[in-house]
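Visitor: To convert, count from 1 in the sequence shown and add 1; that's my numbering.
Sending over a structure as structure tokens; questions will come in a sec.
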Amino acid sequence: MCLGVPMKIETMDDGIARCQARGILREVNLMLMEGAALGPGDFVMVHVGYAIQKIGQAEARTSWELHDEMARGDNA
């Protein structure tokens with residue numbers, strides 16, 4: 002199992018996106034998303050520093066809700 006983190010693209014430059022999640026900013030490599038239509042405001046699933054999938058805002062919100070449930074130990 003791998004854990005992906007949903008993040009929102011703030012800026013992009015030369016294959017690197019500056020992304021934000023819950024106030025944390027990270028540089029994310031876009032190499033695995035070659036050819037995808039991405040831009041500021043889009044959401045991506047990030048795993049070990051690489052964007053692996055473009056997702057919608059609703060999916061990002063749902064992912065964070067599930068993350069929070071796991072962190073609290075809900076439905077264990």
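In this text, a Cβ means the ideal position worked out from N, Cα and C, and glycines have one as well.
Please read all numbers here as calculations on a predicted model, not as lab measurements.
Between which residues of its own chain and GLU28 is the CB-CB distance below 7 Å, once the five residues before and five after are set aside?
Guide: If we look at GLU28 and ignore the five residues flanking it on each side, its Cβ neighbours are ILE17, ARG19.
Visitor: Kindly indicate which three-state DSSP category ALA59 falls into: helix, strand or coil?
Guide: Helix at ALA59.
Visitor: Is the CB-CB distance between MET71 and GLY5 below 7 Å?
Guide: No, Cβ-Cβ distance for MET71 and GLY5 is not below 7 Å.
Visitor: Would you kindly work out how many angstroms separate the C-alpha atoms of ILE56 and ARG62, rounded to a whole number?
Guide: When rounded, the distance between both Cα atoms is 10 Å.
Visitor: Identify, in the order they occur along the chain, each residue of the same chain with its Cβ nearer than 8 Å to the Cβ of ARG73, setting aside the five sequence neighbours on each side.
Guide: The answer is none, since no qualifying residue turns up.
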